[in-house]
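2 protein chains.
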Amino acid sequence: MTEDTAAPRRKRTDARRNVEALLDAAKTVFGTSGVDAPAKEITDLAGVGVGTLYRHFPQRSDLIKAVIEREIDACAEAAPALAAEHAPGEALARWLDRLAAFVATKRGFAAALHSGDPAYDGLSGFFMAKLGPALESLLDSAVTAGEIRAGVSPQDLLYAVAKLCAPLPDEEPGYGRRMTALLVEGLRSAGR
Amino acid sequence: MTEDTAAPRRKRTDARRNVEALLDAAKTVFGTSGVDAPAKEITDLAGVGVGTLYRHFPQRSDLIKAVIEREIDACAEAAPALAAEHAPGEALARWLDRLAAFVATKRGFAAALHSGDPAYDGLSGFFMAKLGPALESLLDSAVTAGEIRAGVSPQDLLYAVAKLCAPLPDEEPGYGRRMTALLVEGLRSAGR
DNA sequence: GAACCATACGGAAAGCTTTTCCGGATAAGC
DNA sequence: GCTTATCCGGAAAAGCTTTCCGTATGGTTC
Chain A
1167 MTEDTAAPRR
1177 KRTDARRNVE
1187 ALLDAAKTVF
1197 GTSGVDAPAK
1207 EITDLAGVGV
1217 GTLYRHFPQR
1227 SDLIKAVIER
1237 EIDACAEAAP
1247 ALAAEHAPGE
1257 ALARWLDRLA
1267 AFVATKRGFA
1277 AALHSGDPAY
1287 DGLSGFFMAK
1297 LGPALESLLD
1307 SAVTAGEIRA
1317 GVSPQDLLYA
1327 VAKLCAPLPD
1337 EEPGYGRRMT
1347 ALLVEGLRSA
1357 GR
Chain B
1167 MTEDTAAPRR
1177 KRTDARRNVE
1187 ALLDAAKTVF
1197 GTSGVDAPAK
1207 EITDLAGVGV
1217 GTLYRHFPQR
1227 SDLIKAVIER
1237 EIDACAEAAP
1247 ALAAEHAPGE
1257 ALARWLDRLA
1267 AFVATKRGFA
1277 AALHSGDPAY
1287 DGLSGFFMAK
1297 LGPALESLLD
1307 SAVTAGEIRA
1317 GVSPQDLLYA
1327 VAKLCAPLPD
1337 EEPGYGRRMT
1347 ALLVEGLRSA
1357 GR
């Protein structure tokens, strides 16, 4: 039903450029001032008017979603490279570490996920859809190589890491990683 | 340094009544419309003007914090009763279940905790301060009774349950509890 | 390379929410 | 009952997101 053959027109270049500029600016601002930073700050950094922001991202949450989805994509895309460069078990460990770092660093991600705002309902689905296959492939390889016990669901592991590594105000550093390790330990023993 | 002896005057009764009404109304509204519900909705339900709300809770987040802290208190206070009525291991299990239910049910709690807003910085500290001792006592009893292995830090366990049970949009029901069980499993095996 | 027009831009204004302010009310103490 | 510190209520201020629309501009066509 999608008519990709009859593409009527290409999107204007300035429009595409502005979208990129907005995403870049938003990523920066979210990093420095948090996801609650006023939209003005983002448009100023991007050198663009507010109207332009809302043309491309009708709601504020759309921009946040887009920034996060971009980073999830980057995380998923890191898997093949790791699989090619390292032994299966090592590749899995490194990827999980990258995931943990992403979740721990991007405070806005945890905030959006737990906000309860319906606008972000699709986010955890996207997270799962993109990262699930990536993790599954790494997991399968590790299991096949006998470096990891079978019986671990990629879905469960993904959520668990995402949740455990979400940063809390005054928690000791390294908590997320420690707990993740403990969880994997549990999964191994639970695997019988 | 606190001069509780020289209490100059008692807080007016209507003031205290309004604070209670506001907390009750807020709890209800947060439950039905979420923590992002407009303040107006709360003051209307409490039968009070906005000015009154802001007199007692200078910032919106103060009200949210107060509601959450109230529930944390209730959770902590449930521990002694459970300890009195059940065997140590059972009491621990039931209390953890209550904690899990609290975290899973009160979406606003997870949202506040992960929001990144400095206004909620003290919240995880309060959570730990109130619930840590409660859990520690239950844990100690269970360990002493030989029903639970030693080597589990109350702090780690508390945070882990809080994080794992925080609800995500489309996650399967029971995930939090399943993961918590897995984690305890891991802690047991890690206890050597 | 000029003219046309669909598409995109910018920023002013509207719409909501939170937060402040202050004249008027009312418990508490005498 | 009178006094006074404290509190109440809601109107106004402030701040943010979102809408709107006249203007500008990239793409296409001749």
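First to last, the protein sequences are chains A and B. Counting from 1167, one number per residue, gives the positions in the first sequence under the working numbering. Counting from 1167, one number per residue, gives the positions in the second sequence under the working numbering. Note that CB positions come from ideal geometry on N, CA and C, so glycine has one too.
Find the residues of chain A that neighbour residue i, judging by a C-beta separation of less than 9 angstroms, and give them in chain order.
i: B/Asp1283; result: Gly1200, Asp1202, Ala1277
i: B/Pro1335; result: Leu1279, Gly1282, Pro1284, Tyr1286, Asp1287, Gly1288, Leu1289, Ser1290, Gly1291
i: B/Ala1257; result: Ordered by position in chain A, no residue passes the 9 angstroms Cβ test against B/Ala1257, which lies about 23 angstroms from the chain.
i: B/Leu1343; result: Inspection of the sequence shows that residue 1343 of chain B is occupied by Arg rather than by Leu. Chain A residues near B/Arg1343: none, gap ~12 angstroms exceeds 9 angstroms.
i: B/Ala1270; result: Within chain A, no residue comes near B/Ala1270; the closest Cβ sits about 12 angstroms away, beyond 9 angstroms.
i: B/Ala1266; result: Chain A residues near B/Ala1266: none, gap ~13 angstroms exceeds 9 angstroms.
Run through chain A and tell me which residues come within less than 7 angstroms of residue i, C-beta to C-beta.
i: B/Ala1332; result: His1280, Lys1329
i: B/Asp1190; result: By Cβ distance, chain A contributes nothing, its closest Cβ being about 21 angstroms from B/Asp1190, past 7 angstroms.
i: B/Ala1240; result: The contacting residues do not exist; B/Ala1240 stays about 21 angstroms from chain A at best.
Please work out which residues of its chain come closer than 8 angstroms, Cβ to Cβ, to residue i, disregarding the five sequence neighbours upstream and downstream, and give them in chain order.
i: A/Ala1347; result: none
i: A/Glu1338; result: none
i: A/Arg1116; result: The structure shown does not extend to residue 1116 of chain A, since chain A is modelled only from 1167 to 1358, so the question has no answer here.
i: B/Leu1361; result: As displayed, chain B neither begins before 1167 nor continues past 1358, which places residue 1361 of chain B out of reach and without an answer.
i: B/Ile1208; result: Leu1188, Ala1191, Ala1192, Val1195, Leu1219, Leu1229
Can you find the residues in the same chain that come closer than 7 angstroms, C-beta to C-beta, to residue i, ignoring five residues on each side of it along the sequence?
i: B/Val1185; result: His1222
i: A/Asp1170; result: Caution applies to A/Asp1170, whose pLDDT of 43 falls short of 50 and renders its modelled position unreliable; the model cannot decide the point.
i: B/Lys1231; result: Tyr1286, Leu1289
i: B/Ala1205; result: Val1216, Leu1219, Arg1226
i: A/Phe1292; result: Glu1235, Ile1238
Suppose the cutoff is 6 angstroms on Cβ atoms and the five residues either side in sequence are ignored; what does the same chain contact list for residue i look like?
i: A/Leu1330; result: Gly1342, Met1345, Thr1346
i: B/Leu1349; result: Ala1326
i: B/Ser1307; result: Pro1254
i: A/Glu1313; result: Pro1254, Gly1255
i: A/Arg1260; result: Leu1248
i: B/Leu1297; result: Ala1242, Leu1324
i: A/Ala1356; result: Unreliable positioning characterises A/Ala1356 in this predicted model, as indicated by a pLDDT of 47, which lies under 50. The coordinate reading is nonetheless provided below. None.
i: B/Gly1340; result: none
i: A/Ala1203; result: Val1195
What in chain B is Cβ-close to residue i, meaning under 7 angstroms?
i: A/Arg1273; result: Gly1282
i: A/Tyr1220; result: Within 7 angstroms Cβ-Cβ: nothing; A/Tyr1220 doesn't reach chain B, min ~20 angstroms.
Which bits of chain B does residue i rub up against, with CB to CB less than 8 angstroms?
i: A/Ala1232; result: Those do not exist, as A/Ala1232 stays about 18 angstroms from chain B at its closest Cβ, beyond 8 angstroms.
Chain-ordered residues of the stretch 1306-1323 of chain B with a beta carbon less than 8 angstroms from chain A: Asp1322
How do the stretch 1317-1324 of chain B and the stretch 1284-1302 of chain B stand: do at least 3 beta-carbon pairs fall below 8 angstroms, yes or no? yes
Could you name each continuous alpha helix (DSSP H) segment of 4 residues or more that falls completely within the stretch 1229-1272 of chain A, going from the start of the chain to the end? Correct list: 1254-1271.
Are the stretch 1258-1276 of chain B and the stretch 1194-1201 of chain B in contact at 8 angstroms, needing three or more beta carbon pairs? yes
Spell out a yes or no on whether the stretch 1256-1268 of chain B and the stretch 1213-1231 of chain B are touching, meaning 3 or more CB-CB pairs, one atom from each, closer than 8 angstroms. Under the three-pair Cβ rule at 8 angstroms, the stretch 1256-1268 of chain B does not count as touching the stretch 1213-1231 of chain B.
Take every Cβ of the stretch 1235-1246 of chain B, pair it with every Cβ of the stretch 1313-1321 of chain A, and state whether three or more of those distances are shorter than 8 angstroms. no
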